[in-house]
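A quick write-up on the structure given underneath.
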Amino acid sequence: MSVDNEEAAEIINNLRNERDTLLEKIRSLMIRLEHAERRQQNSSLMMLYDEVTGLPNHHKMDRDIGSMLWDFFKLPKPPKISVLLIKLDENFNHVRQAFNPDVFNNILSTLAERLKLMLDTRGLLYHPRLDEFAVFIFDSISDHDLAGLAYDIRDNISGTIDNQVYRVKVGCNIGIASFPEDGLNKRMLLSSADIALSYAVGRGADVVFFSEDMRQKVIGNLEMQNDLLSAIEVKTLFELSENFTLYFQPIITVDNIVEDGINCEDFKAEVLIRWKDPNRGSVLPRNLIEVAEETGLILPIGRWLLKASMMKLSEWRREYFNLKLSINISPRQFFNRGFTEELRVILNETGVRADDIYLEITESCLFNDQDYASEEIKKLSDMGFKITLDDFGTGYSSLGYLNKFKTDTVKIDKIFIEGLSEEGKKRELIKSIVKIGHELDLDVVFEGIEELEQLKEAYSLGCRTFQGYFFSRPLPVEEFEQFMNGCKENYIAFPD
Ligand code: C2E
Ligand code: CA
Ligand code: CA
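Following UniProt numbering from start to finish, the sequence shown increments by one per residue and tops out at 496.
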């Protein structure tokens, strides 16, 4: 069937309208949820604002910039959006070391107040890191005016903070990048601003605008670092198993709940990394993963973890023949071009079947580059892997993702736990996630279950798969084996 241009235009128009209506619905649901959260001042929202300055933090910044670009990108002539990243200088660190936390917080708040006051409605202010502020400007202002604004910011920050007890002066460097010319998506735009900022810091310049040749230089450096890393990789892989260890946390699919226990239908385990560092002691995985992501070390660590987990699963196959593993995949791993090939090799080496492995990917990871992500997920599914959407409900336009990305499982984040027991927006959202999940044939997992009451509530809303301290904390290998041996009859007794 052939359609003429006019018909094609109409079809496209209708499809666009349909998509926009859907997007609008999802967005208004998210906004309503956010408003409800704001009223309740609950922990999930606290996580979006810095406690000391009251400013939105990096999670909120990530969300906002993502959604704004998404909106503006659809316009025929998108306006210019500029990002100014402001890094406080060494003096700020000295202040931190020299003063007690109350005084330090006071100084930080003063700097934030100055910025709020001077910016007023000219831009949105964020506090993404302890020593960094960020400003988004939507006014399509010229580079000349942007530079003027940046110098104003510098002057406001570096004015002496003076009271009877102390007298302090903090300086800053500023990196600037603008959408669309310096980056068409969130990742590119923020990375351009970051590159401009590191140039400013490196050269002791107050204000630096991003330019493409800076990126080329950074890429050159990174490639060199990667070469170095792969050169030491053999050694690192060996050392990794001495430094890192795997913990396993049970994920239980419940058949039914009886008076004194639970009949189980299925067992999985989430693999969680632990670092045995002789100097730092036990490092929290979130910090470890963050650093590993930043340095690129996540690639060898992730590869080791995948291989070590799958080797363990193949050892366990005879004993626990139904057990499946759920493995966290970090954004950098997921977006690494060799990822699928790497998995293929590990499957061959360990003899594990792909459909016994769930790959956990967070929705914020998918937001970065949706087309690539969608293709990659399809490739992994075609190889047989199961895909879990992790930390669900903490990112932007979550419900839309259920349809867009072909996942098998969705994990409702633990921030929803407190919404389980009381009637309200969170509970309604949990219900709709479960409903949509089931309609799309997805397994819905509730994580962070700590008490029997929470388990029963989530069960009554239609969830059947659970993870949390109520069943077990993450366990080292031997203790996990004991746990599994205790479940051989597919029954778990409630603690007395
Ligand atoms: P996650 O993927 O959301 O993992 C679940 C986290 O919740 C784990 O923290 C687990 O110990 C904790 N948890 C489980 N049940 C409960 C509960 O009932 N209550 C509470 N309050 N917490 C519970 P953990 O092990 O500290 O890991 C934190 C995060 O670090 C993980 O969050 C994941 O994002 C990351 N991570 C851990 N291991 C790996 C890994 O091997 N690779 C990657 N890429 N990330 C990892
Ligand atoms: Ca996870
Ligand atoms: Ca999670």
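Note that CB positions come from ideal geometry on N, CA and C, so glycine has one too.
{"Asked": "Contacting residues, own chain, Cβ-Cβ under 8 Å from asparagine 105 (five flanking each side not counted)", "Found": "Val52"}
{"Asked": "Glycine 261 beta carbon near ligand 1 (any heavy atom closer than 7 Å)", "Found": "no"}
{"Asked": "Local conformation of alanine 354 per DSSP, three classes", "Found": "helix"}
{"Asked": "Contact set, ligand 2 heavy atom to C-beta under 5 Å", "Found": "Asn328, Glu360 and Asp390"}
{"Asked": "Spatial neighbours of glycine 351 in its chain, beta-carbon cut-off 7 Å, leaving aside the 5 residues before and after", "Found": "Ser314"}
{"Asked": "Own chain, CB closer than 8 Å to proline 285, minus 5 neighbours either side, in chain order", "Found": "Leu272, Ile273, Arg274 and Trp275"}
{"Asked": "Beta-bridge pairing of threonine 465 - partner residues as DSSP gives them", "Found": "Thr253 and Val445"}
{"Asked": "Closer than 7 Å: valine 271 CB and nearest ligand 1 heavy atom", "Found": "yes"}
{"Asked": "Spatial distance of glutamate 451 from leucine 325 (CA atoms)", "Found": "24 Å"}
{"Asked": "Local Cβ density within 10 Å of arginine 332, reported as buried at 16 or more and exposed below that", "Found": "buried"}
{"Asked": "Validate contact between the region 87–105 and the region 121–132 using beta carbons, cut 8 Å, 3 pairs", "Found": "yes"}
{"Asked": "For arginine 187, the nearest candidate out of Val168, Leu366 and Asn485 (CA to CA)", "Found": "Leu366"}
{"Asked": "Glycine 330: first and last residue of the uninterrupted alpha helix (DSSP H) it sits in", "Found": "The sequence shown places serine at residue 330, rather than the glycine named in the question. Careful: serine 330 lies outside any alpha helix (DSSP H) and carries neither H nor E."}
{"Asked": "Exposed unless 16 or more other CB atoms sit within 10 angstroms - verdict on methionine 61", "Found": "buried"}
{"Asked": "Identity of the residues DSSP links to phenylalanine 392 by a beta bridge", "Found": "Ile412"}
{"Asked": "Nearest candidate by alpha-carbon position, reference cysteine 487, set Phe321, Gln454 and Phe73", "Found": "Phe321"}
{"Asked": "Under the three-state DSSP convention, the category asparagine 336 falls into", "Found": "coil"}
{"Asked": "Backbone secondary structure at asparagine 173 - three-state DSSP", "Found": "strand"}
{"Asked": "For asparagine 42, three-class secondary structure by DSSP", "Found": "Below a pLDDT of 50, predicted positions are generally treated as unreliable, and asparagine 42, at 47, falls in that range; the measurement from the model is reported next regardless. In this structure, asparagine 42 counts as coil in the three-state DSSP scheme."}
{"Asked": "Buried/exposed call for leucine 75, threshold 16 Cβ in 10 Å", "Found": "exposed"}
{"Asked": "Per-residue DSSP class, three states only, for serine 421", "Found": "coil"}
{"Asked": "Of the residues Ile107, Leu420, Phe335 and Asn336, the one placed nearest lysine 169, counting alpha carbons only", "Found": "Ile107"}
{"Asked": "Under the three-state DSSP convention, the category serine 432 falls into", "Found": "helix"}
{"Asked": "Residue(s) in a DSSP beta bridge with arginine 129", "Found": "Glu132"}
{"Asked": "DSSP state of lysine 456 mapped onto helix, strand, coil", "Found": "helix"}
{"Asked": "Terminal residues of the alpha helix (DSSP H) in which serine 191 lies", "Found": "186–203"}
{"Asked": "Pairwise C-alpha distance: alanine 112 and isoleucine 153", "Found": "11 Å"}
{"Asked": "In DSSP terms, what glycine 66 is bridged to", "Found": "Glycine 66 pairs with nothing; no bridge assigned."}
{"Asked": "Where the alpha helix (DSSP H) through leucine 366 begins and ends", "Found": "363–367"}
{"Asked": "One or two residues paired with proline 476 in a DSSP bridge", "Found": "Tyr247"}
{"Asked": "Within the region 53–97, ranges of the alpha helix (DSSP H) (whole runs, at least 4 residues)", "Found": "58–73"}
{"Asked": "Check: lysine 324 C-beta below 7 Å from any heavy atom of ligand 1", "Found": "no"}
{"Asked": "C-beta atoms of glycine 202 and serine 191 nearer than 8 Å", "Found": "no"}
{"Asked": "Contact between the region 443–450 and the region 401–421 (3+ Cβ pairs under 8 Å)", "Found": "yes"}
{"Asked": "Inter-residue spacing [alpha-carbon to alpha-carbon] between glutamate 489 and isoleucine 329", "Found": "32 Å"}
{"Asked": "Check: proline 285 C-beta below 7 Å from any heavy atom of ligand 1", "Found": "yes"}
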